[in-house]
Amino acid sequence: MQFTVRNITDDIDAAARQRAAVEKKSLNAVLIDALRRGLGVESQPTKKRDLSSFLNGPKIDAETLAILNEPRPIDPEMWD
Numbered sequence: 002m003q004f005t006v007r008n009i010t011d012d013i014d015a016a017a018r019q020r021a022a023v024e025k026k027s028l029n030a031v032l033i034d035a036l037r038r039g040l041g042v043e044s045q046p047t048k049k050r051d052l053s054s055f056l057n058g059p060k061i062d063a064e065t066l067a068i069l070n071e072p073r074p075i076d077p078e079m080w081d
């Protein structure tokens with residue numbers, strides 16, 4: 002969703018730009034934060050994307066693990 006806000010006074014512009022610089026955020030992000038606070042709208046939780054679901058993935062049985070860990074012969078023809 003996009004809005005156009007007109008007649009922004011110099012003091013609001015300066016304060017928003019200063020906050021953006023201090024917080025190392027975009028001007029847009031600072032203004033959205035200010036609107037949320039001013040309107041009493043709770044922040045939406047940030048969706049976290051990580052690989053934690055893979056940490057406890059499927060278990061490898063002992064036989065498969067043994068096969069994966071055994072040395073494999075090197076085919077010299079593959080390296081010529």
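In short: position in the sequence shown from 1, add 1, done, that's the numbering used here.
Backbone N, C-alpha and C fix where the C-beta goes; we use that ideal spot for every residue, glycine too.
Q. What's the gap between the Cα of threonine 47 and the Cα of proline 74?
A. Between the C-alpha atoms of threonine 47 and proline 74 there is a straight-line separation of about 49 Å.
(Q) Let me confirm a value: valine 31 is counted as buried when at least 16 other C-beta atoms fall within 10 Å, else exposed. Which label applies? (A) Note on valine 31: 16 or more other CB atoms within 10 angstroms of its CB, so buried under the neighbour-count rule.
**Q.** Three-way DSSP call (helix, strand, coil) for glutamine 19 in this model
**A.** Of the three classes helix, strand and coil, the one that applies to glutamine 19 here is helix, per DSSP.
Q: Would you give the residue range spanned by the alpha helix (DSSP H) that arginine 38 belongs to?
A: Unbroken alpha helix (DSSP H) run through arginine 38: 28-40.
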